[in-house]
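Residue 286 in UniProt numbering sits at position 286 of the sequence shown, with consecutive numbering throughout. Quick reminder that beta carbons are idealized off the backbone N, C-alpha and C, glycines included. This report concerns only the one structure given below.
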Amino acid sequence: MLQLSCLPDEIIIEILLRLPVKSFLKFRCVSKSWLSLISSRHFVNTQIKYSIKDYKNVNLRLVVVASVSGLAGKMCSIYSLVCEKKSSLNVAKIDYPLEYPFGSAKFLGSCNGLICLTAISLKLMLWNPCTGKYKEFQDSFVKSAVSCYIRYGFGYDASNDDYKVVKIFSFPKDEGKYENMVQIYSLRTNSWKMSKGFDSGYINAHSGVSLNEALHWEVSHCHGSGANSEIMTFDLATETYGVTALPSCGDGNISWTLSVLGGRLVACCNYYPDKTDMWVMKEYGAEKSWTKLVSLSSPFGRMCYISPLFVSKNADEFLVKLGTDISLYNTRNASYKSLEIHSSGCRLQVQAITYIESLASPHIGDM
Numbered sequence: 001m002l003q004l005s006c007l008p009d010e011i012i013i014e015i016l017l018r019l020p021v022k023s024f025l026k027f028r029c030v031s032k033s034w035l036s037l038i039s040s041r042h043f044v045n046t047q048i049k050y051s052i053k054d055y056k057n058v059n060l061r062l063v064v065v066a067s068v069s070g071l072a073g074k075m076c077s078i079y080s081l082v083c084e085k086k087s088s089l090n091v092a093k094i095d096y097p098l099e100y101p102f103g104s105a106k107f108l109g110s111c112n113g114l115i116c117l118t119a120i121s122l123k124l125m126l127w128n129p130c131t132g133k134y135k136e137f138q139d140s141f142v143k144s145a146v147s148c149y150i151r152y153g154f155g156y157d158a159s160n161d162d163y164k165v166v167k168i169f170s171f172p173k174d175e176g177k178y179e180n181m182v183q184i185y186s187l188r189t190n191s192w193k194m195s196k197g198f199d200s201g202y203i204n205a206h207s208g209v210s211l212n213e214a215l216h217w218e219v220s221h222c223h224g225s226g227a228n229s230e231i232m233t234f235d236l237a238t239e240t241y242g243v244t245a246l247p248s249c250g251d252g253n254i255s256w257t258l259s260v261l262g263g264r265l266v267a268c269c270n271y272y273p274d275k276t277d278m279w280v281m282k283e284y285g286a287e288k289s290w291t292k293l294v295s296l297s298s299p300f301g302r303m304c305y306i307s308p309l310f311v312s313k314n315a316d317e318f319l320v321k322l323g324t325d326i327s328l329y330n331t332r333n334a335s336y337k338s339l340e341i342h343s344s345g346c347r348l349q350v351q352a353i354t355y356i357e358s359l360a361s362p363h364i365g366d367m
């Protein structure tokens, strides 16, 4: 029988990459050499790249936060959804870093297996649900006598091997125009810095979407109307801004939401009162590559923002967040199947975010 100790590291790595993260955590106890190998920055980065590239063969992971206002006050439950083969979904409560998760906790982004969220007032958190590691750090603020809108983004800068949180302070300027101040948190330096500001329309999404080492927000140049909208991008390496056109959906009462499916940018055009067109950018950065994936109608017979979370390989099933529901949409018969993942309650709020299994660490010393 061939001993693993006789194999070169390259072969051992190829074997290990095909195993779940929990196995890595156990194998670190096998020997000092395995601990050194699995803990190395090279192995961690290789494992992240493998998971991103091979995500279709890795069980889908989602984190769902269900907040309920009841007799005991506002409470927050954290769930994990695992998408197995044949559309079987397993749901389980998972451990959360804080002893008392607050109902005000909000997701700010997901990248390489790390989730950025608000934990408590004036604090942010980076959390790896697979390893349980987390890091809390101080949020930033600006002193101003004028109220402003706050927008966030979280992503990875490969050129500097650094995770960054971007915070945008949007101050109303002229009608439909906003002056934006920007601060950037670097995990590597564990500090915030001021970045170059910019003027824009109204940035609708509370959090930007991370893809290809850039953040993406939908910006409307006529507040309340999505007919005159575009995508604002922020390159995390060069810290520069760009603009990408949305699909052409005509005029009318519409709004937009952005997400990522299968490593591609997705834009959902929400029509009043109850229809959504889902578009995918097949070639990143190529505006002409926008292609309609599917049209969906709200099962409630009224406007309900649809946020896609996962699409099957042949695009016949979509896992979507539908208001306060997580549902599986079947394109073959245009039906929804609601997933019972939380108990009902007064003023229920539900957030959902996808992530990959990875060894990514939120700690500076592990980078």
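Let me check understanding here. Comparing Cα to Cα, which of S297, E357, E340 lies closest to Y329?
Here residue 329 is taken as the residue at index 329 of the sequence shown, counted from 1. Answer by Cα proximity: S297.
The beta strand (DSSP E) enclosing V182, as first and last residue numbers
Position 182 of the sequence shown, counted from the first residue, corresponds to residue 182. Where V182 is concerned, the enclosing beta strand (DSSP E) stretches over 178-186.
Any idea if V146 is buried or exposed, counting beta-carbon neighbours within 10 angstroms, 16 or more meaning buried?
For the purposes of this step, residue 146 is identified with residue 146 of the sequence shown, where counting begins at 1. So V146 counts as exposed.
Close beta carbons around V266, own chain, < 8 Å, minus the five adjacent residues each side
Counting from one through the sequence shown, the residue named residue 266 turns up at place 266. So the qualifying residues of the chain are L258, S259, V260, M278, W279, V280, M281, L293, P308.
Count Cβ pairs between the stretch 210-222 and the stretch 154-169 that sit closer than 8 Å; are there 3 or more?
yes
For K164, does the count of other Cβ atoms within 10 angstroms reach 16, so buried, or fall short, so exposed?
Residue 164 sits at position 164 when you count from the first residue of the sequence shown. So K164 counts as buried.
Pairwise C-alpha distance: T131 and L25:
Along the sequence shown, read from residue 1 onward, the residue named residue 25 stands at position 25. Along the sequence shown, read from residue 1 onward, the residue named residue 131 stands at position 131. Each residue's alpha carbon lies about 8 Å from the other.
Any idea which residues DSSP pairs R18 with across the strands?
As a position in the sequence shown, residue 18 is number 18, starting the count at 1. Looking at the DSSP assignment, R18 forms no beta bridge with any residue, so it has no partner.
How would you write the range of the beta strand (DSSP E) that S295 sits in, first residue to last?
Working through the sequence shown from its first residue, we reach residue 295 at position 295. Run containing S295: 290-297, per the beta strand (DSSP E) assignment.
Measuring CB to CB, does W256 end up less than 8 Å from C269?
Here residue 256 is taken as the residue at index 256 of the sequence shown, counted from 1. Here residue 269 is taken as the residue at index 269 of the sequence shown, counted from 1. Their beta carbons are under 8 Å apart, which means W256 touches C269 by this criterion.
Nearest CA to the CA of I231: which residue from V209, V166, S110, I306?
Taking the sequence shown and counting its residues from 1, one reaches residue 231 at position 231. Minimum Cα distance to I231 is reached at V209.
Cα-Cα separation, L322 to A360
Numbered from its first residue, the sequence shown carries residue 322 at position 322. Numbered from its first residue, the sequence shown carries residue 360 at position 360. Using only the alpha carbons, I get a separation of about 30 Å.
Distance between L246 and S335 (C-alpha atoms, nearest Å)
Your numbering for residue 335 matches position 335 in the sequence shown. Your numbering for residue 246 matches position 246 in the sequence shown. Near 27 Å, if we compare the C-alpha coordinates of L246 and S335.
Neighbourhood of Y149 by C-beta distance below 6 Å, restricted to the same chain and skipping five residues each side:
Counting from 1 along the sequence shown, the entry for residue 149 is found at position 149. Cβ within range, chain order: S170.
Buried or exposed: where does E357 fall if 16 or more other Cβ atoms within 10 Å of its Cβ makes it buried?
The sequence position of residue 357 within the sequence shown is 357, counting from 1. The residue is buried, with at least 16 neighbouring Cβ atoms inside 10 Å.
Does DSSP put R332 in a helix, in a strand, or in coil?
On the sequence shown, residue 332 is found 332 positions in, with the first residue counted as 1. Looking at R332 - three-state DSSP - the assignment turns out to be coil, as it is neither helix nor strand.
Per DSSP, D9 forms a beta bridge with which residues?
Translated into positions along the sequence shown, residue 9 becomes position 9. Note: D9 sits in no beta bridge, so no partner.
With distances taken from CA atoms, which of I94, D95, P129, S121 is nearest C111?
The count along the sequence shown starts at 1 and reaches residue 111 at position 111. Cα-wise, what sits closest to C111 is P129.
Pull up the CB-CB distance for Y134 and F198, whole angstroms please, since I reckon it's below 8 Å.
By one-based count along the sequence shown, residue 134 stands at place 134. By one-based count along the sequence shown, residue 198 stands at place 198. With 8 Å as the limit, Y134 and F198 do not qualify as a contact, their Cβ atoms being about 32 Å apart.
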